[in-house]
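Count along the sequence shown from 1, add 2, and you get the number used in my numbering. Worksheet: one structure, shown below.
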Amino acid sequence: MKQRIHEILEEDQDGDWLSQVVDVLLMLLIVSNVTAIIISTDESIYGSVPPGFFSWFEGVSFAIFAAEYALRVWVCTVDPQYAHPVKGRLRFALQPLMLADAVAVASYYIILVLAVSGIDLGAFRALRLITRMARMARYSPGLRALASAITARKNELLGVVSVVGALLVLASSLMYFAEHSAQPDKFPSIPATMWWGIITVTTVGYGDVAPITPAGRLLAGVIALLGIGIFALPAGILGSSFMEQVNQRRSPPVARTCPHCGQDIDAPQSQ
3 MKQRIHEILE EDQDGDWLSQ VVDVLLMLLI VSNVTAIIIS TDESIYGSVP PGFFSWFEGV
63 SFAIFAAEYA LRVWVCTVDP QYAHPVKGRL RFALQPLMLA DAVAVASYYI ILVLAVSGID
123 LGAFRALRLI TRMARMARYS PGLRALASAI TARKNELLGV VSVVGALLVL ASSLMYFAEH
183 SAQPDKFPSI PATMWWGIIT VTTVGYGDVA PITPAGRLLA GVIALLGIGI FALPAGILGS
243 SFMEQVNQRR SPPVARTCPH CGQDIDAPQS Q
């Protein structure tokens, strides 16, 4: 039974219809929870449903999520890399997706406890929404491929982030010295000027803060052009890496055979 539960919850096998049904049902439950959180903020919709419906639905959902989490931790020892009953389960529970599951389950009970104390629960409700959406990655092949693409190109992406950070600091510093004397209320300090730098480098351009001196306008134009080019880099890196991950998932692994003996090269060799 333990082996079968592990196959249903953890292994994505095309021929296992029960595993696919469970994945679809859990995905629908997560989407329903996210939808419930969103529509519960609309007073007109919230008042039209029976009293206590959202609380009841949330309680049932988190009971299911807690049971799923407990089952995953229980059956993880079927996998040889988590075979140890204590250390294996601990390493399994420290995986990113399992941590997201744990936070999602714990946030519900934390909110129940804090609600009695009258503490503002806005941050915990936002955390609950984020963790629920993060759980979608477990059941969505597209999101898993995107996560793999980011992991595969993390060094390149970190390099781009470093360049963007350096450009932001440089642009904000230069703009502060160019505009502070003309607009001390708009550019009071370099940290405050970084707001202008962020909306300019990202080409958002809210327009609430804008340079008026010739030097400031020239600098703003140069930075805006640089921002377009810099933000095209991560898009290209992620796009190519994402397609690589998708192609790898679609293409079955090709066995490499020795041209002399005909044996599988990748197969483990007996001692």
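The beta carbon of each residue, even a glycine, is placed where N, CA and C say it ideally should be.
Residue i and residue j closer than 8 Å at C-beta
{"i": "L294", "j": "S109", "result": "No answer is possible for residue 294: it lies beyond the span of the chain, which begins at 3 and ends at 273."}
{"i": "K156", "j": "V80", "result": "no"}
{"i": "F64", "j": "V107", "result": "yes"}
{"i": "D103", "j": "Y71", "result": "yes"}
{"i": "M135", "j": "V62", "result": "no"}
{"i": "L11", "j": "R74", "result": "yes"}
{"i": "I7", "j": "L31", "result": "no"}
{"i": "T133", "j": "E181", "result": "no"}
{"i": "V162", "j": "L235", "result": "yes"}
Own chain, CB closer than 7 Å to residue i, minus 5 neighbours either side, in chain order
{"i": "L99", "result": "A139, R140"}
{"i": "R226", "result": "For the sequence presented, residue 226 should be read as Ala rather than Arg. Only T202, T205 meet the Cβ criterion."}
{"i": "R93", "result": "Y84"}
Exposed unless 16 or more other CB atoms sit within 10 angstroms - verdict on residue i
{"i": "A237", "result": "exposed"}
{"i": "E45", "result": "exposed"}
{"i": "L160", "result": "exposed"}
{"i": "A69", "result": "exposed"}
{"i": "M177", "result": "buried"}
{"i": "P213", "result": "buried"}
{"i": "V221", "result": "According to the sequence as given, residue 221 is Leu; it is not Val. Flag for L221 reads buried."}
{"i": "A184", "result": "exposed"}
{"i": "V51", "result": "exposed"}
{"i": "V23", "result": "exposed"}
{"i": "P224", "result": "Inspection of the sequence shows that residue 224 is occupied by Val rather than by Pro. Per the 10 Å Cβ criterion, exposed."}
Sequence-distant residues of the same chain with beta carbon closer than 6 Å to residue i, five excluded per side
{"i": "G90", "result": "T79, Y84"}
{"i": "V211", "result": "K188, W198"}
{"i": "A217", "result": "A180"}
Spatial neighbours of residue i in its chain, beta-carbon cut-off 8 Å, leaving aside the 5 residues before and after
{"i": "A38", "result": "F56, F59, E60"}
{"i": "L20", "result": "I10"}
{"i": "R277", "result": "This structure cannot speak to residue 277, because the chain is shown only from 3 to 273."}
{"i": "P87", "result": "T79"}
{"i": "S42", "result": "Y48, F56"}
Q.
I want to know whether the stretch 198 to 211 touches the stretch 166 to 185 - three or more CB-CB distances under 8 Å.
A. yes
Q: Flag this pair as touching only if the stretch 239 to 251 and the stretch 149 to 158 have three or more C-beta atom pairs under 8 Å; answer yes or no.
A: yes
Q: Determine, using beta-carbon pairs with one atom in the stretch 244 to 251 and one in the stretch 158 to 172, whether at least three such pairs fall under 8 Å.
A: no
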